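The block underneath contains the structure these notes are about, expressed in structure tokens.
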RNA sequence: GGCCCCAUCGUCUAGCGGUCUAGGACGUCGCCCUUUCACGGCGAAAACACGGGUUCGAUUCCCGUUGGGGUCACCA
């Protein structure tokens, strides 16, 4: 069996497209089939520079590797036209000389009479038009009866043939239409399962008519509901993040986005955190829901936090280093990279995305005297500075500069003064990190080292 | 508007005639843990759109209403 993902290069990988790709990928892997990629690049005018690469990048980022080379639809135009001519020769299609004006007039009249427009070309049953005048080739679609598609997601869907008109296969300039191209490409690529957004459900009936006229094998269809914005409307630019790469920029891990997308419109009992391997084992079309799902940023964030905590420290350090460098406007040296790596276990426990992770690590790399934010300044006001001074003494007296040893020293001090640990820890935190929130203060002390820690404290004692 | 699809907590969903006083997750609100922030733990509020059938029995099946969505090009 063969599935396929067929995006048109718009400049980014639509988040809904990413989910469609994921479903196709998972379905193919689950059934031991192939997952192919086809770029529907026939609309050259509306194709931004680098649009194809953007799709490749996003797919690779998500780890949705396609089998074989990507197929470019535009390059296959000759083949498409050839199929149309063959069909014409067999009588399954006809030449139509209706003009755009005639069509427009028909539509306008239909609208005025408040009845649906049904194309009825006078050329369907005659072929004596002027051969040298531009004309299109239309499918001679059946007018009687109905077609039922046994959709794997939507169930049995029936449409009357009278609802479908004779679609254009070849434009008057000889270029193929999308409908033709899709059918020919799916056939030539040996696609057996067409899994796509349900905005194509209506198209399926037209395409099926063409497939039948051609006498080709019919694919299995599965039309997945679209993804909606938080307001329930179709996802569009005004909702903000619609490109998969935007999520990467937001510091979302690809496995988190994948898990989130997988659970959007598909379920497997109460399971929430699902690995790639597990997804391949479990995924099937019968688990796909039929109602459109809304995007929920909070849930994505939560899942991302989960994957962040589970992620390898080295990988996170590598992912975060460039973000830190950008914030600092300088690169990290080897020692700093090591510091970042060592701090990662403490850092990643509290971040929900890579940007937060980077931001929360900045205090490690500040040069003395480090800047203090408003709350940190407040924490260091008079009564606290005396405590800070005493804490410095206790710390400096410790012969063992390790987390547990330092904690013991500070706890002892707190007890001696009859204070809660927080009374001492907070000023310490402010002096060491310049912030009121950070990883555990004894971890910070340990990771920063004796000289740097004491130095930062002294800076605040002056 | 025609055609097609859909309908369980705010959101994602489990449920495939009785096990439902409807389960889980995110979010929200309490409490606990605690040096801050997170994490984690415990608990709470929160849904079967409505109306008819079918059935001994409907969240589950059928019809209608309402409400969403998709689609109606010589775009893809």
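Numbering (this note's numbering), first residue to last: 1254 to 1715. Note that the Cβ used here is the ideal one computed from N, Cα and C, for glycine as well. This one's a predicted model, so the numbers in the text were calculated from it and none came from an experiment.
Under the three-state reduction of DSSP, residue 1405 is assigned to coil, being neither helix nor strand. Taking the C-beta atoms as reference points, residue 1315 is found no nearer than 8 Å to residue 1358. One thing to note: residue 1629 has its Cβ no nearer than 8 Å to the Cβ of residue 1706. For residue 1563, no beta strand (DSSP E) segment is defined; the enclosing uninterrupted segment is the alpha helix (DSSP H) at 1550-1563. The alpha carbon of residue 1443 has as its nearest neighbour, out of 1471, 1685 and 1655, the alpha carbon of 1471.
Rounded to the nearest angstrom, the Cβ distance from residue 1621 to residue 1702 is 13 Å, too far for a contact under 8 Å. With respect to the C-alpha of residue 1322, the residue from 1331, 1309, 1334 and 1332 having the closest C-alpha is 1309. Cβ-Cβ separation between residue 1469 and residue 1492: approximately 38 Å, too far for a contact (criterion under 8 Å). In this structure, residue 1430 sits near residue 1422, with a CB-CB distance shorter than 8 Å. Of all alpha-carbon atoms in 1285, 1474, 1692 and 1295, the one lying nearest the alpha-carbon of residue 1598 is that of 1692. Burial is judged here by how many other beta carbons sit within 10 angstroms of a residue's own beta carbon; residue 1650 has fewer than 16 and is exposed. Collapsing the DSSP output to three states places residue 1448 in a strand. When secondary structure is reduced to three states using DSSP, residue 1298 falls in the helix class.
Here residue 1638 is not near residue 1685, since their CB atoms are 8 Å or more apart.
Just so you know, the alpha carbons of residue 1276 and residue 1532 end up roughly 10 Å apart. Where residue 1592 is concerned, there is no enclosing beta strand (DSSP E), although the alpha helix (DSSP H) around it starts and stops at 1587-1601. The beta carbon of residue 1386 is closer than 8 Å to those of 1350 in its chain, skipping five residues each way along the sequence. The way I'd put it, the region 1325-1345 doesn't touch the region 1531-1545; fewer than three beta-carbon pairs between them come closer than 8 Å. Taking 8 Å as the upper bound for CB-CB distance, residue 1613 and residue 1700 are not in contact here, some 13 Å apart.
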